[in-house]
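Trainee:
Protein chains in written order, with our numbering: chain A, 5 to 369; chain B, 5 to 369; chain C, 5 to 369; chain D, 5 to 369.
Here it is, written out as structure tokens:
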């Protein structure tokens, strides 16, 4: 039961990195929304390996098929099943994994939990599982855009120690897509790309930070006390492979300020209640306040490195292992659509939940 | 539906800061565990206001009553209902809140969501809601200790810019409880206390970091892909009032390392698979690996400050508001039992979920 | 996790027949609905023991208290906690139950499941648990009536072999409440009452059928494929103590007809799509069709009889047991508010779920 | 969110009768169970159309593919995705359905709910959706058999007014499969078959009753108060297309008895607590008591008949419609594997839930 996410806009992903395929069932999407593979494929193309010189050279076409839930190009309100077949299986590249646990991977823990695992390419723990999330996220993003006027974006703001400056109120998708590292700060992007290339040549890897923003969320989304918007966003992000941290608004930095310095004063602006600053990150008490929602996700450096490392084998003896195969030296560029997708899934779910309990015409304010 | 947390070990909290009381229903606790109010009250005493000079002087006895789910001092396996009555209501202290939104509080967003709110002391958004969590957490901690040999602890490691050094493998509850700020590093604790007192006198507030650890968790807990242990811990922590960030293991700091530097090598030790370092924070691929689990939670500075601030009133006009009443200048000492409780709730839930699907005698490894 | 029912309008009940009390937490009720104990108490009075000569003479005042979720007489949108204290504990009346399993009661199965039970009055398996359901149902009924124009009613249509004739399109609450057996057919009611009195004198018991109806449900409620309206109604009813069967529309009788005879023809009437007959019971394909929803619930004869019966004791030896204490000779009159409540809970949940996914202004038909 | 069933053993079905295909994701199956298509296909063959002269002559091969969740012939503990492609699409057979609502079908209610529907062959409301349930049920049955020693069977006991006599304690799968109507009483089966053939020739249809039994369930499964075993079984059965009623144990008939007559006396037998009679249907207080569980499900006569019937079209005008295409004159034979599957899904879920909370070695009894 750990493969389902969301309440009213709910996804269930399935599939291992090797085997028949990977996919997702989206349950709860409202009817009558135009939808075809053309809405999904571009997002999968942003996620897929082999898209640039700084991602893994594995070629995976990742062609999506919608198997149910649409009719004559529109959603039916029934479950939308989507699938991508697995094609580029090279199990021989992984044969050593059958015997040895890769350090800081999930090999050992899957073995400990299930006593049995698909060792080919990481099986279920492979980033390939996120195909289902990104396909579902494309639908959630479209729903948010068309029915709620909400835009969700993500971009790279840090690779190792290289940081970028991005205006989260104005950044556009085309700025993000303007370079292969998906960092809208062109100068920083160039340095990041050089660093990643250097790491690849060294057989090493790096991590970094992806920032996500949601603009246009009206006041009132998010449900106290456990399903606060930041709690659901946090869970969504921390369920992504390689993520190690999440912060919203001022986050960890905010603790350097006192309460007086940190508080977001309210002022009326354009007939609406607005905050002068936005250290809250668009969320107060777990509920959106109408300001831009923003958060940051830390991704650790990729665990697969092309160097001999100490490890243990399945017979529980010490051994060593050297990474092989075709791996990303940095997950960040491909993590961008994953972060967008997970954020969109959380927001679409809360949009529908808000419709259910609130938004009554007879309510007074 | 946002007031329930957990799957198999599941809690539902209820109650506003003013009104009849606050409480919790715990569903799913196994039967035949010894349990009485004496197991719960000490944890509530760690949480309650007025416990020391650096917390709010509000006096709330917070006497818990177990209303169901036990018989002759043992759990029945039926829902355990617990309640604390509200006693110290001074609505006049809050009358200005009826008209004005406190900056960086939930007043405005509750108004925007529900069109109506209990403005006395924050209503449902008050930290008083966490009484139910801490009472339930006491049961979860006992279950983990007695049936699984797992110990959950939390402590303060940072207040504003004052940081502590704590050995997370060896720290004990009595070290944490040895001072009123709940920081086991005595020297740092003293500086933290002085800072908080200074802030109180200045009518200002500070935030900081609480670290949580779980020792003795066996390999195998946590469920891919969405209910990874860190995802559920993250959601739990980010659902706490005033929390702004969560990180597990190396967290945000880890991105300064390369993959080679960051990886945790495996070695056999004492007949078990162990990691030489623990940057993973005891979790790999969302599943515990048998090492100590640790994570950090950022709490923002308390929003209530005794200074005039710009804000808006319920008629949507600009105004100003100055904090009144008796408030904590720093939530950290009282957040410690909250963090412990939420961590224990997540782990108890995963302990039971692991029993359900895994742990078969006939399984080979 | 078996003590929670519903998705968006969700209840969690707690409490044993003996102990501190029984209660319920209602999560998901929309805000701004007028609500006080005066809305709840009349329903509990319909449920409580001792209300007439054909129910158990146990006196339980069952005074309800709303502990949270309302403010100044209106709902807040936060969890509504309600509680009834236990007062009339006479454990000595149950002392034999500590040692012996009552036939066709839950004593043995609770023992088998938990290895431990509150043997006083049935503990959690007591009908006293339904207080929480009826209290929550009163809120659901009010929500359905005020916000959706839906009326939910139930009444007795059969006691043992005595059957009643009731016009389900026109029956009113006052017809139901016009006699103590809650059967709107006065002549049948009189015979039922005489039969129940005879059974009580004979130390025996009887069962029967309660019919539930919901009028005014608009077309479109209910969610394929698993949360069909009849599936959720069926689960709700079969979760009531002593229920053994559920049928909707033509039910078991309908299988005597052929398809031609059974089908409900559609005709336009009053500008709406209507059915000429209503063998579907107002539900087609799991979704309401705008006709009156109706269903029947079978309740077995009460298991406690004042005669010696063969049974087994907790040491697993054969023995005999004779019922003692004050018991209902027939649960039907008190089951009526329970059936109404559970039906209202299902419909309120589906009303909110329908709002969430459907009902878009931009939808064409 | 209505397309998921179960808690720990959880399925999500997807797919319309026409479109890419239909399928299911099974989440929560324990690892290390041998599983291949050969375990699934025979159950789908029992469900598929065209299998005999009394089912629809539509030919659907319904070849299942396992797309994930297994490795080297064993389950991984990860989601098992299964799919059957749609092949026999003849939309022209359904073109009239695009314009007119079939009486007692789901055409109108889907239209009312979603404002839009796949009118080809009923879309999501088609019995074709149950392919996913039967495929998942095959896994649940295998799990119950291999890990818990539980056998689940179903058979036809009534078609219209023809009733069968079946010994539910001894009936075997081969008895059920010995004739095309799946009724183990050979004489009754012959009469049923003749009746169904006569109905087909008359362009009419019939309904009936399927009985389900589960043998070998240990005492203790089922969770009070809402997830009682009969409540979950009832919901499961009432979610099947065309089902109108459910009863467990003595059911509706039981109300003809008094409490003295109805009660199941306990006696020790073979060292176990047994009941002398089994009017409880193997469940007391919502929990299994170790006796055979049995229940009956009423299926209405098939709504599609080859006669002109009054109805309404999508422009909301009166019209008539005559059934066309290839339909079952009686769903009962094909409903048998559906009932078995849903029962197995409920029991597998409760088996795992029981493991989670109960079954502790340290428990005393």
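Where a beta carbon is used, it is the ideal one built from N, C-alpha and C, also for glycine.
At 3 residues or longer, and completely inside the stretch 311-338 of chain C: list those beta strand (DSSP E) runs for me, N to C.
Mentor: 312-316, 322-326
Trainee: Could you tell me which residues DSSP puts in a beta bridge with residue 158 of chain B?
Mentor: B:216
Trainee: Between residue 101 of chain B and the rest of its own chain, which residues show a CB-CB distance below 7 Å, the 5 nearest in sequence each way excluded?
Mentor: Once the five neighbours on either side are set aside, the close Cβ partners of residue 101 of chain B are 111, 123.
Trainee: With the cut-off set at 8 Å, would you say residue 333 of chain C and residue 210 of chain C are in Cβ contact?
Mentor: Cβ atoms of residue 333 of chain C and residue 210 of chain C: closer than 8 Å.
Trainee: When the cut-off is 8 Å and only beta carbons count, does residue 285 of chain D lie next to chain B?
Mentor: no
Trainee: For a contact meaning CB atoms closer than 9 Å, what does residue 367 of chain C contact in chain A?
Mentor: 34, 35, 36
Trainee: What three-state label does DSSP hand residue 1 of chain C in the structure shown?
Mentor: Beyond the ends of chain C as shown, which are 5 and 369, falls residue 1 of chain C; an answer cannot be given.
Trainee: Count the other CB atoms within 10 Å of the CB of residue 61 of chain D; is the residue buried (16 or more) or exposed (fewer)?
Mentor: exposed
Trainee: Mind checking if residue 250 of chain A is an interface residue toward chain D, Cβ cutoff 8 Å exclusive?
Mentor: no
Trainee: Say whether the stretch 239-252 of chain C touches the stretch 253-268 of chain D, bearing in mind that this needs 3 or more beta-carbon pairs closer than 8 Å, one atom from each stretch.
Mentor: yes
Trainee: CB residue 66 of chain C to CB residue 52 of chain C, shorter than 8 Å?
Mentor: yes
Trainee: Please report the Cβ distance between residue 175 of chain D and residue 152 of chain D, rounded to the nearest whole angstrom; I am assuming they are in contact, meaning their Cβ atoms lie under 8 Å.
Mentor: No, residue 175 of chain D and residue 152 of chain D are not in contact; Cβ-Cβ is about 20 Å, not under 8 Å.
Trainee: Kindly give me the distance between the Cβ atoms of residue 277 of chain D and residue 268 of chain D, rounded to whole angstroms, as I take these residues to be in contact under 8 Å.
Mentor: Contact between residue 277 of chain D and residue 268 of chain D is ruled out by a C-beta separation of about 11 Å, above the 8 Å threshold.
Trainee: Report buried or exposed for residue 345 of chain C, applying the criterion of at least 16 other Cβ atoms within 10 angstroms of its Cβ.
Mentor: buried
Trainee: Can a CB atom of chain C be found closer than 8 Å to the CB of residue 360 of chain A?
Mentor: Yes, contact with chain C.
Trainee: Mind checking which residues open and close the beta strand (DSSP E) that includes residue 120 of chain B?
Mentor: Premise fails: residue 120 of chain B is in no beta strand (DSSP E) and is neither H nor E.
Trainee: Does the CB of residue 289 of chain B have a neighbour CB from chain C at under 8 Å?
Mentor: no
Trainee: For the candidate residues B:89, B:91, B:242, B:287, whose alpha-carbon lies nearest to that of residue 226 of chain A?
Mentor: B:242
Trainee: Taking the straight line between their C-alpha atoms, what separation do you get for residue 285 of chain C and residue 216 of chain D?
Mentor: 24 Å
Trainee: Hey, out of A:234, A:7, A:86, whose CA is closest to residue 27 of chain D's CA?
Mentor: A:86
Trainee: In terms of residue numbering, what span does the beta strand (DSSP E) encompassing residue 138 of chain A cover?
Mentor: No beta strand (DSSP E) contains residue 138 of chain A, which is instead part of the alpha helix (DSSP H) from 134-152.
Trainee: List the endpoints of the continuous alpha helix (DSSP H) containing residue 181 of chain B.
Mentor: DSSP places residue 181 of chain B in no alpha helix (DSSP H); its state is neither H nor E.
Trainee: Check whether the Cβ atoms of residue 20 of chain B and residue 318 of chain B sit closer than 8 Å, and answer yes or no.
Mentor: no
Trainee: With a floor of 4 residues, list each alpha helix (DSSP H) that falls wholly inside the stretch 257-315 of chain A, ordered by position along the chain.
Mentor: 263-266
Trainee: In terms of residues, what are the limits of the alpha helix (DSSP H) holding residue 5 of chain A?
Mentor: Taken as a continuous stretch (DSSP letters only), residue 5 of chain A belongs to no alpha helix (DSSP H), as it is neither H nor E.
Trainee: Helix, strand or coil: which one does DSSP assign to residue 201 of chain A?
Mentor: helix
Trainee: Using a Cβ-Cβ distance cut-off of 8 Å, determine whether residue 254 of chain D contacts chain C.
Mentor: yes
Trainee: Answer yes if the stretch 223-239 of chain A comes into contact with the stretch 223-240 of chain B, meaning at least three C-beta pairs across the two stretches below 8 Å, and no otherwise.
Mentor: yes
Trainee: Using a Cβ-Cβ cutoff of less than 6 Å, which residues in the same chain neighbour residue 108 of chain C once the five nearest sequence positions on both sides are dropped?
Mentor: 307
Trainee: Mind checking the stretch 77-90 of chain B against chain D and listing, in chain order, the residues whose C-beta falls within less than 8 Å of any C-beta there?
Mentor: 81, 82
Trainee: For residue 208 of chain B, which residues from the same chain have a beta carbon less than 6 Å from its beta carbon, with the 5 sequence-adjacent residues on both sides left out?
Mentor: Here the set comprises 309.
Trainee: Can you tell me where the alpha helix (DSSP H) with residue 241 of chain B in it begins and where it stops?
Mentor: Per DSSP, the unbroken alpha helix (DSSP H) holding residue 241 of chain B starts and ends at 233-242.
Trainee: Report the three-state DSSP secondary structure of residue 31 of chain B (helix, strand or coil).
Mentor: strand
Trainee: Short check: CB of residue 166 of chain B to CB of residue 195 of chain B, under 8 Å?
Mentor: yes
Trainee: Is the Cβ-Cβ distance between residue 137 of chain D and residue 342 of chain D less than 8 Å?
Mentor: yes
Trainee: What do you reckon, are the CB atoms on residue 180 of chain D and residue 58 of chain D nearer than 8 Å?
Mentor: no
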